[in-house]
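**Student:** Just passing along the structure, written as structure tokens.
Numbering (my numbering), first residue to last: 1 to 101.
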């Protein structure tokens with residue numbers, strides 16, 4: 001499995017609009033992409049302008065397909081002016097079977 005985490009820092013005045021847009025993006029990703037398995041959105045309780053995404057894809061190719069989807073491109077263009085900072089990390093999910101635990 002392929003995991004992507006994203007930390008967003010949005011403009012405070014656009015935080016609520018960003019929340020609406022990112023929740024729609026999560027729903028679209030889960031419903032339109034069969035290889036998007038998890039798309040969670042979390043907020044910093046002390047600062048709603050900070051948003052964390054946890055996404056799980058079947059493999060790296062599925063994440064690449066996500067980046068090329070029209071719904072992602074529309075989301076990215078819409079929210080880009082609202083984002084002060086964005087950090088994306090990519091991970092391989094370690095399973096118990098692989099770790100022989």
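Using N, Cα and C, we set each Cβ at its ideal position, and we do this for glycine too.
Please go through the same chain and pick out, in chain order, the residues whose beta-carbon is closer than 6 Å to the beta-carbon of residue 87, but skip the five residues on each side of it.
**Tutor:** On the chain shown, residue 87 is found 87 positions in, with the first residue counted as 1. The answer, listed in chain order, is 7.
**Student:** Rounded to a whole number of angstroms, what is the C-alpha to C-alpha distance between residue 63 and residue 40?
**Tutor:** Position 63 of the chain shown, counted from the first residue, corresponds to residue 63. Position 40 of the chain shown, counted from the first residue, corresponds to residue 40. Going by the C-alpha atoms only, they are around 15 Å apart.
**Student:** In or out: residue 90 buried (at least 16 other Cβ within 10 Å) or exposed?
**Tutor:** Residue 90 sits at position 90 when you count from the first residue of the chain shown. By the neighbour-count rule (16 or more Cβ atoms within 10 Å), residue 90 is not buried but exposed.
**Student:** Taking Cβ to Cβ, would you say residue 18 is nearer than 8 Å to residue 56?
**Tutor:** Residue mapping note: residue 18 aligns to position 18 of the chain shown, counting from 1. Residue mapping note: residue 56 aligns to position 56 of the chain shown, counting from 1. No; because the gap between Cβ atoms is not below 8 Å, this pair is not in contact.
**Student:** What does a CB cutoff of less than 6 Å around residue 35 pick up in its chain, not counting 5 residues either side in sequence?
**Tutor:** Residue 35 sits at position 35 when you count from the first residue of the chain shown. Counting only Cβ-Cβ distances below 6 Å, and skipping sequence neighbours, we find 57, 58 and 62.
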